[in-house]
Each structure stands twice: as C-alpha cells, then as structure tokens.
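Under the numbering used here, think of the first position of the sequence shown as 2, with each following residue one higher. The C-beta atom is built at its ideal place from N, Cα and C for all residues, glycine as well. Worksheet for the structure shown next.
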Amino acid sequence: MVNSLRPGVISTVDTKICSTCKVEKTSGEFSADPRYKDGLRSQCALCRREAMYETRLNSWLMRTYGISLEKYNELRASQGNVCRICRKLETRSTRSSKKIWEYNIEPRLVVDHNHITGEVRGLLCHKCNIALGQFNDDPNLLERGVQYLLGELND
2 MVNSLRPGVI STVDTKICST CKVEKTSGEF SADPRYKDGL RSQCALCRRE AMYETRLNSW
62 LMRTYGISLE KYNELRASQG NVCRICRKLE TRSTRSSKKI WEYNIEPRLV VDHNHITGEV
122 RGLLCHKCNI ALGQFNDDPN LLERGVQYLL GELND
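This is the structure in structure tokens:
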C-alpha cells in the first residue's frame, strides 16, 4: 500500500521501526523526507522533537550560564534531583506547559547563578529562585527576613 504524506513525497510502507526508541509505529508518526528510500525519516516525530529540544536546551545553557546539558544533569543528580534550598522536586514549569507535555519532559530546576561573577551556585525550584531574587541576592536582607520570621527582629 502506498501512503501519500505530502504532495511529492510518497511512502511505500505502512509501519516502520523508529531508530531511536525501537518501537514499530505507523508511517504517519514519521516526518516525510524524500532523501530516505521509503520517503520517511528514520526517527519518529516524537523522538526527533525530543532530540531537538535537548539540542536547543544545551545551546541555551551554554550561552546563558556556560554549562552543558551534561553538566546540568550532573549537578541535578548531585542534588538528588531536588531544589538545593527546600529539597523538593520542581512541580512548576518555567516554560509553556504545552511544550513540556508535547515533549514529554518533566519540569526542570532553575539554574541559580551569581549575577556579578556569573558563577553557577546550584539548581533551585522556581519558588526558591524567585524568593532569592526578591531579596536581591543580598544575604543581609535575607538574614533580616529570617530574624523577622523568628520574631527576633530588633530595629
């Protein structure tokens, strides 16, 4: 049976095994590509999107913080996959939820860094990162906040 995927691109297969996930899928789950014999890419569309997401994330981490996705994952593992401050898993996505679900990716911890030196300090959940930002990364101001919460603030 011949499936027409796009004008000018014809696939000669009904199903195909993805080269990444090794799952047999229908031809409709692969992007059309006339360079391939059967007219379809070797990776299914979902695996291709996930790979492209990782490539873009790696580039962004390198540009923004000077660390690779590999280094980010090592840092995350060294923290037990939880926020360095509150020790909780991240539950909120800092990006569009649509993209998170579309790519089947768990919400990621935020890279916390020194805004003067650029040095990465650790990975935080969104709430802890926002809280530090509200105190302008000022340890003295944060200490006053702790004293206030403990009822020990003496003006």
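- Annotated three-state conformation of V112 is strand, per DSSP.
- Counting only residues of its own chain and dropping the five nearest sequence neighbours on each side, L125 has a CB closer than 7 Å to the CB of C84, R85, I86, L110, V111 and D113.
- Within the DSSP secondary-structure output, A52 pairs in no beta bridge.
- The DSSP-derived three-state label of V121 is strand.
- Counting the other CB atoms within 10 Å of its CB gives C48 a total of 16 or more, which places it among the buried residues.
- Looking only at C45, D15, Y73 and N59, the smallest Cα-Cα distance to C22 is reached by C45.
- Under the three-state reduction of DSSP, S69 is assigned to coil, being neither helix nor strand.
- Here the alpha carbon of E55 sits roughly 23 Å from the alpha carbon of G119.
- Residue pairing from DSSP places E25 in a beta bridge opposite I18.
- Its chain contains S20 as the residues whose beta carbon lies nearer than 6 Å to that of S43, once the 5 sequence neighbours on both sides are disregarded; these appear in chain order.
- C45 sits in a strand when the DSSP states are folded into three classes.
- Here the C-alpha atom of G67 lies approximately 10 Å from the C-alpha atom of Y73.
- For V147, the enclosing alpha helix (DSSP H) stretches over residues P140 to L150.
- For N130, the enclosing alpha helix (DSSP H) has its first and last residue at H127 to Q135.
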